[in-house]
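Inspection log for the structure reproduced underneath, given as structure tokens.
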Amino acid sequence: MKVLISADMEGATGVTCPADCLPGTPEWQRCRALLTSDVNAAVEGLLAGGVDEVVVNEAHMTMRNLLPERLHERAEVLIGRHKPLGMVEGVQHGDADGIVFLGYHTGAGDEGVLAHTYLGNSLTGVFVDGVRASEGRLNSLVVAEWGTPVILVTGDDLTCVEAASWAPAARTVAVKDHVSRYAAVCRPPARTAADIRAAARAAAALAVRHEPAAPRRRTIEVEFDAEHLAGAATIVPGVERIDSRRVAFTVSDMYRGIRCFKAVTTVVAAAVEEWYG
Numbered sequence: 496m497k498v499l500i501s502a503d504m505e506g507a508t509g510v511t512c513p514a515d516c517l518p519g520t521p522e523w524q525r526c527r528a529l530l531t532s533d534v535n536a537a538v539e540g541l542l543a544g545g546v547d548e549v550v551v552n553e554a555h556m557t558m559r560n561l562l563p564e565r566l567h568e569r570a571e572v573l574i575g576r577h578k579p580l581g582m583v584e585g586v587q588h589g590d591a592d593g594i595v596f597l598g599y600h601t602g603a604g605d606e607g608v609l610a611h612t613y614l615g616n617s618l619t620g621v622f623v624d625g626v627r628a629s630e631g632r633l634n635s636l637v638v639a640e641w642g643t644p645v646i647l648v649t650g651d652d653l654t655c656v657e658a659a660s661w662a663p664a665a666r667t668v669a670v671k672d673h674v675s676r677y678a679a680v681c682r683p684p685a686r687t688a689a690d691i692r693a694a695a696r697a698a699a700a701l702a703v704r705h706e707p708a709a710p711r712r713r714t715i716e717v718e719f720d721a722e723h724l725a726g727a728a729t730i731v732p733g734v735e736r737i738d739s740r741r742v743a744f745t746v747s748d749m750y751r752g753i754r755c756f757k758a759v760t761t762v763v764a765a766a767v768e769e770w771y772g
């Protein structure tokens, strides 16, 4: 039995402000250990639940955040950027029986600790077929096309509530409770590790590949906080402006959908100006 862990950082234990997850800051350096602790707890629980192989995919920003020297000896970690499927790289090989979304968060335009979708700012909403979509929802639609179920989600309490709408069977662990976008009531790592370990052990039973979801046409809309960003996004083939600050594109499946979305966010990030966005 093989399980992937997609490890983001904003939803990790103790992380509450941008500096905590911004590579190069002293706060980020400290929080790397907290993220690694969350991952190790998930690995331990999965192994105890009968999983044979665990591969951790770095999913946050530079995708070089975990401390490999502290990683559980039974796990492997995929470190680095420029991966075909980014946050859920590896699922396309078709051999993952389940996937864990660890350290996840709510999406742009929603309440939640460090809520955003791909870009820290600039995006005010992402919608798939009219439904507001966080990174969790987007990635859940991608992995479903390979029949890989989401078996565990960790993050703040609002992330766990939201996950029920896109991974209703998954176990959830809230490592902190939302107060504001930059504040939370945090549980200590010894406690969150125990909670994640127990939930992962139970979640191992859910790691059973499903029939892959049939590819279907989907329309993805992206809304920005400035009109010039919508114009910049239309450089990507197939992306059309539908309002002053909103673009849309239609794809035949979510593999193409997530890759086009990544192209849009890459172009838009380059179009953001220092003072006025």
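Per my numbering: the sequence shown ends with 772, consecutive numbering throughout. Using N, Cα and C, we set each Cβ at its ideal position, and we do this for glycine too. Here the structure is a predicted model, which is why all the values come from computation and not from measurement.
**Message:** Whole angstroms are fine: how far does the CA of P663 sit from the CA of V538?
**Reply:** Stepping through the sequence shown from its first residue, residue 538 is reached at position 43. Stepping through the sequence shown from its first residue, residue 663 is reached at position 168. Approximately 22 Å between the Cα atoms of the pair.
**Item:** Whether E640 touches A708 by CB criterion (8 Å)
**Value:** Indexing the sequence shown from 1 puts residue 640 at position 145. Indexing the sequence shown from 1 puts residue 708 at position 213. Yes; because the gap between Cβ atoms is below 8 Å, this pair is in contact.
**Item:** DSSP bridge partner residues for T612 (one or two, in chain order)
**Value:** Position 117 of the sequence shown, counting from 1, holds the residue named residue 612. For T612, which the question treats as bridged, DSSP gives the partners L614.
**Request:** Output the residue ranges of the beta strand (DSSP E) runs that lie fully inside the region 502-563 and measure 3 residues or longer, sorted by chain position.
**Result:** 548-553, all fully within the region 502-563.
**Prompt:** Fully enclosed by the region 590-677, which alpha helix (DSSP H) runs are 4 residues long or longer?
**Reply:** Annotation note: the region 590-677 contains the following uninterrupted alpha helix (DSSP H) runs of length 4 or greater, listed N- to C-terminal: 630-639 and 652-658.
**Request:** Could you pull out every residue in the same chain whose Cβ sits closer than 6 Å to the Cβ of R696, ignoring the five residues on either side in sequence?
**Result:** Here residue 696 refers to the residue found at position 201 of the sequence shown. Excluding sequence neighbours, R696 sits near G540, A543 and G544.
**Request:** For V648, count neighbouring Cβ atoms within 10 angstroms of its own Cβ and tell me buried if that reaches 16, exposed if not.
**Result:** Position 153 of the sequence shown holds residue 648. So V648 counts as buried.
**Item:** Presumed contact (8 Å Cβ cut-off) between L529 and T508, rounded CB distance
**Value:** The count along the sequence shown starts at 1 and reaches residue 529 at position 34. The count along the sequence shown starts at 1 and reaches residue 508 at position 13. 5 Å between Cβ atoms; contact.
**Asked** Who are the Cβ neighbours of A700 in its own chain at under 7 Å, not counting the five residues just before and after it?
**Response** Walking along the sequence shown from the start, residue 700 turns up at place 205. Leaving aside the five residues that flank A700 on each side, the residues in its chain whose CB is nearer than 7 Å to its CB run, in chain order, G544.
**Prompt:** Taking E553 as the reference, which of A764, H567 and V583 has the closest Cα?
**Reply:** Along the sequence shown, read from residue 1 onward, the residue named residue 553 stands at position 58. Checking every option, the nearest Cα to that of E553 belongs to V583.
**First through last residue of the alpha helix (DSSP H) which encompasses L724** = Locating residue 724 in the sequence shown gives position 229, counting from the first residue. E722 to A728 is the extent of the alpha helix (DSSP H) around L724.
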